[in-house]
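Have a look at the structure below before the remarks.
4 protein chains.
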Amino acid sequence: VVDRSNDVQHTQAHVTMSVNLPQHFKGTHMSRFIEVLNKHSKDMSVQALPTVLKELQEYLESESARIVLEFPYFVEKTAPVSGSKALMDYECSFTGEYDGKTSDIVIGVKVPVTSLCPCSKEISDYGAHNQRGIVDIKVRTLHDENEPPKLIWLEEIIQKAEDSASSPLYPLLKRTDERHVTMQAYDNPVFVEDLVRNVAMRLQNDERIKWFTAEVTNFESIHNHNAFALVEWTRP
Amino acid sequence: VVDRSNDVQHTQAHVTMSVNLPQHFKGTHMSRFIEVLNKHSKDMSVQALPTVLKELQEYLESESARIVLEFPYFVEKTAPVSGSKALMDYECSFTGEYDGKTSDIVIGVKVPVTSLCPCSKEISDYGAHNQRGIVDIKVRTLHDENEPPKLIWLEEIIQKAEDSASSPLYPLLKRTDERHVTMQAYDNPVFVEDLVRNVAMRLQNDERIKWFTAEVTNFESIHNHNAFALVEWTRP
Amino acid sequence: VVDRSNDVQHTQAHVTMSVNLPQHFKGTHMSRFIEVLNKHSKDMSVQALPTVLKELQEYLESESARIVLEFPYFVEKTAPVSGSKALMDYECSFTGEYDGKTSDIVIGVKVPVTSLCPCSKEISDYGAHNQRGIVDIKVRTLHDENEPPKLIWLEEIIQKAEDSASSPLYPLLKRTDERHVTMQAYDNPVFVEDLVRNVAMRLQNDERIKWFTAEVTNFESIHNHNAFALVEWTRP
Amino acid sequence: VVDRSNDVQHTQAHVTMSVNLPQHFKGTHMSRFIEVLNKHSKDMSVQALPTVLKELQEYLESESARIVLEFPYFVEKTAPVSGSKALMDYECSFTGEYDGKTSDIVIGVKVPVTSLCPCSKEISDYGAHNQRGIVDIKVRTLHDENEPPKLIWLEEIIQKAEDSASSPLYPLLKRTDERHVTMQAYDNPVFVEDLVRNVAMRLQNDERIKWFTAEVTNFESIHNHNAFALVEWTRP
Chain R
1 VVDRSNDVQH TQAHVTMSVN LPQHFKGTHM SRFIEVLNKH SKDMSVQALP
51 TVLKELQEYL ESESARIVLE FPYFVEKTAP VSGSKALMDY ECSFTGEYDG
101 KTSDIVIGVK VPVTSLCPCS KEISDYGAHN QRGIVDIKVR TLHDENEPPK
151 LIWLEEIIQK AEDSASSPLY PLLKRTDERH VTMQAYDNPV FVEDLVRNVA
201 MRLQNDERIK WFTAEVTNFE SIHNHNAFAL VEWTRP
Chain S
237 VVDRSNDVQH TQAHVTMSVN LPQHFKGTHM SRFIEVLNKH SKDMSVQALP
287 TVLKELQEYL ESESARIVLE FPYFVEKTAP VSGSKALMDY ECSFTGEYDG
337 KTSDIVIGVK VPVTSLCPCS KEISDYGAHN QRGIVDIKVR TLHDENEPPK
387 LIWLEEIIQK AEDSASSPLY PLLKRTDERH VTMQAYDNPV FVEDLVRNVA
437 MRLQNDERIK WFTAEVTNFE SIHNHNAFAL VEWTRP
Chain P
473 VVDRSNDVQH TQAHVTMSVN LPQHFKGTHM SRFIEVLNKH SKDMSVQALP
523 TVLKELQEYL ESESARIVLE FPYFVEKTAP VSGSKALMDY ECSFTGEYDG
573 KTSDIVIGVK VPVTSLCPCS KEISDYGAHN QRGIVDIKVR TLHDENEPPK
623 LIWLEEIIQK AEDSASSPLY PLLKRTDERH VTMQAYDNPV FVEDLVRNVA
673 MRLQNDERIK WFTAEVTNFE SIHNHNAFAL VEWTRP
Chain U
709 VVDRSNDVQH TQAHVTMSVN LPQHFKGTHM SRFIEVLNKH SKDMSVQALP
759 TVLKELQEYL ESESARIVLE FPYFVEKTAP VSGSKALMDY ECSFTGEYDG
809 KTSDIVIGVK VPVTSLCPCS KEISDYGAHN QRGIVDIKVR TLHDENEPPK
859 LIWLEEIIQK AEDSASSPLY PLLKRTDERH VTMQAYDNPV FVEDLVRNVA
909 MRLQNDERIK WFTAEVTNFE SIHNHNAFAL VEWTRP
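So, in structure tokens, the structure goes:
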């Protein structure tokens, strides 16, 4: 995968490949999936995906082809006060479909964040319950015919999710950072519904994006169940 | 399963059964495991387990037999201020081994709790990060020869875990309860090491318990990784 | 859950509940979900679900409500030759949506089966690779306005999946049964595409069903990857 | 990770790190774990692990330190007849402990294989049920004091597991390969107990190995439950 700062990042993906089977075909050629995958295993970037999809559709003599890549992606994060650096991993995905004419690519990122409950803060004399939450974003970008879809970095989507939460998560925090992050979360309380709305607003304001879903799940620290909220949107 | 308040609770278990195979045996009789399981599927309580183990060891002509039951267990919890009642589920397990003479039973419970970070509280002008954690307890009780092991209720182990945390979790909380729980957690900060020590102390003070492990995992709300601490102890 | 032979079966569900939030609402009342769930925890059958959905939609003052119940379901199976009986578990689900006027119910069952590869059988002098597969079926039944949806038993859907495979799975098989099952699978080879087509045909022939998806995943015994096939269908 | 054919293989690990906490210490320095991990993230090979462990133990001022790395590892496999090549992934692990004096390393590999049931083959006129199984091996190698433990390649352990089964799995098989593999499995039937014994024998015959556990789990193609067998052994 190409990333914004290091050019190329080696990663490993869980891959799902499928083709549409015309009714008069009895079955497909399973081993050809692996051949296509093996040939392209060194480059499965968003830019390369349309070529792989086209090859899959043609080699398997089908009407359409689909590939889902799920992979961890690492970004170096800098602690907010001490400036300590360490790697943080995000679960990402590329989903590509090709119908014989155009290819459709969906980019997905799961961003863990902190959310602090506004109600708990308001009704209590001190403290407020907070927890880890996951912001699960999937986007389609606009593209003119015969052109590749507009590029959006995974780092840009991650940023929108982290800016929408009470606080981002960090892999490495010193004491001064922990103080900063604790107070930042207390100063920015969000319900799960607020958080998903904040994310949705930021995605709508990005002119490159034509469709998205954003789902937030909070692993509530006072309950044994999770709270979640979901928005789906298509640019009018 | 027999519970403290309702006598009998219907549940479903994931079951692992095995026997020790003497060296001159080529294999065991797989279908007999299912026959024994099927015969006793209506009562697999701690009290019934020695009988099932003995039958398994004899019917499979082996030196020893082992059964692990993993099952959800429901307890009615009352909210601390409003008194609202609802069911909460705990992942529990019974592990039984029989060597042809005596049977050894280990009771396990996973109790989700709130933990609030003392360091975050101390260094910040306001707020403190907190999160859901899981207290995973396994105990062996004392028993005199030819007597059943001393009874300990799952509810008693759950209580020890909840009393050791910043706050218990609840299935149903009204606004007045949420205020109570938020402030209770802020008043009782515990590191993951404190929490596991509190649990260990309560288990050591229970004269019925002769061995335990207690492991706490915190799903840190400011980090993407978890923090854990583990204590194993045998009564001297 | 009501089952075909025993009237009532006690089970435990993983529950997901949600409501549609009108744009001018800031958030929803999380604790009310638990109150509704708690009130109806003793009966969440397909028949009861419309009532629970309506109550959820009204009590949460929303436009629509949705509940997903995922639960294990046990059926007594009889071995084909010896007649030995034992329980087998199936992962099932009820998904209900209510939009303020009508409720929509989807019934789901995951049925594990044996599939034996026709190609492997044909090209080899003896033997044929076979494996466990999962048939994941979701159905909507027809219903006239203001009437409950037509009843379909979970056992009936399970039967359609098992009849479509090389052989059903059994919890308990004696030697004579194992011989029968081995030869039955060898006599009925199916590719993953055949299996999903067989299931689709049986579902289309059931006049009560108006929509379904059927997905089969084979845990290939000669590969490290799985093979899958999917059909979605709506009655014209 | 260093591999036998390509020198260096980029991979990603799930990491668990812990230290023993002396009784008079209140807690440990969580952020230092991440600092150590971050510093060594480019090389966590078996050869480098003792250095990382020593640094962890010293930097965290503890009596002992422990690291578990779980990671996927890719090996190029050649189909038995056509010679087609493709990558196959294995779940591997390195577990290292350091007590202030010596470090103890356990190497783990999970190898998926085919097993074909001897009983089913014997009692049936044709066919035999077979399935995917997982051989989970953990080994400790001998080492003289103050010397690094004897090197054993992950590929060597994988080979022992595959040689013990009815047939290895392959990522890519052509028709001629599928015929070969089907008949090879039929010619080499093994019960789960045989398979684990075969593995144990091969591990005992390797003079470098001083301890191992081998556990085989078969995802039975005629049952809904799995069959497993386990051997633990220490060189006398």
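If you read the sequences in order, they're chains R, S, P and U. Counting in this note's numbering, the first sequence runs from 1 upward without gaps. Counting in this note's numbering, the second sequence runs from 237 upward without gaps. Counting in this note's numbering, the third sequence runs from 473 upward without gaps. Counting in this note's numbering, the fourth sequence runs from 709 upward without gaps. Just so you know, even glycine gets a beta-carbon here, dropped at the ideal spot from N, CA and C. Since this is a predicted model, take the numbers as computed values, not measurements.
Start-to-end residues for the alpha helix (DSSP H) that takes in residue i
i	result
H652(P)	647 to 659
H512(P)	502 to 512
L60(R)	First-last for L60(R): undefined, no H or E at that position.
From the options, residue whose alpha carbon lies closest to that of residue i
i	options	result
D435(S)	K290(S), F307(S), I394(S)	Position check: residue 435(S) holds Val in this sequence, whereas Asp was assumed. Closest by alpha carbon: I394(S).
A873(U)	V783(U), T884(U), T822(U)	T822(U)
G243(R)	F700(P), R707(P), W705(P), Q481(P)	There is simply no residue 243(R) to check, as chain R begins at 1 and stops at 236 in what is shown.
S739(U)	E55(R), F212(R), A79(R), E162(R)	A79(R)
L21(R)	Y59(R), V15(R), E35(R)	Y59(R)
Y642(P)	G568(P), A558(P), K526(P), L588(P)	A558(P)
V581(P)	I606(P), V553(P), K682(P)	I606(P)
L881(U)	W861(U), V723(U), G791(U)	G791(U)
D649(P)	F779(U), E923(U), A893(U), C827(U)	C827(U)
D474(S)	I388(S), H246(S), D279(S)	Outside the shown range of chain S (237 to 472) lies residue 474(S), about which nothing can therefore be said.
S93(R)	L230(R), Y126(R), I137(R)	I137(R)
F427(S)	D715(U), A721(U), F733(U), V709(U)	F733(U)
R132(R)	E456(S), Q259(S), K275(S), S360(S)	E456(S)
I813(U)	D871(U), E805(U), K762(U)	E805(U)
R175(R)	T287(S), Q420(S), V375(S), H365(S)	H365(S)
P72(R)	M88(R), I123(R), E35(R)	M88(R)
V347(S)	D243(S), S300(S), T338(S), T453(S)	T453(S)
K396(S)	H265(S), L439(S), V375(S)	L439(S)
Endpoints, the beta strand (DSSP E) within which residue i is located
i	result
A773(U)	773 to 786
K446(S)	445 to 454
M253(S)	250 to 255
Those residues which DSSP pairs with residue i across a bridge
i	result
E940(U)	T921(U)
P404(S)	V349(S)
D914(U)	Note: D914(U) sits in no beta bridge, so no partner.
D239(S)	D243(S)
A463(S)	N454(S)
T523(P)	Looking at the DSSP assignment, T523(P) forms no beta bridge with any residue, so it has no partner.
Buried/exposed call for residue i, threshold 16 Cβ in 10 Å
i	result
F74(R)	buried
P66(R)	It is Arg, not Pro, that sits at residue 66(R) in the sequence shown. Label assigned to R66(R): buried.
R240(S)	exposed
E940(U)	exposed
M673(P)	exposed
G100(R)	exposed
S281(S)	exposed
P944(U)	exposed
E665(P)	buried
K593(P)	buried
Q47(R)	exposed
T141(R)	buried
Y658(P)	buried
H459(S)	buried
What ranges does the beta strand (DSSP E) occupy inside the stretch 543 to 611 of chain P, keeping only unbroken runs of at least 3 residues that lie completely in it? Taken in chain order, the unbroken stretches of beta strand (DSSP E) that lie wholly in the stretch 543 to 611 of chain P and span 3 residues or more are 557 to 570, 575 to 588.
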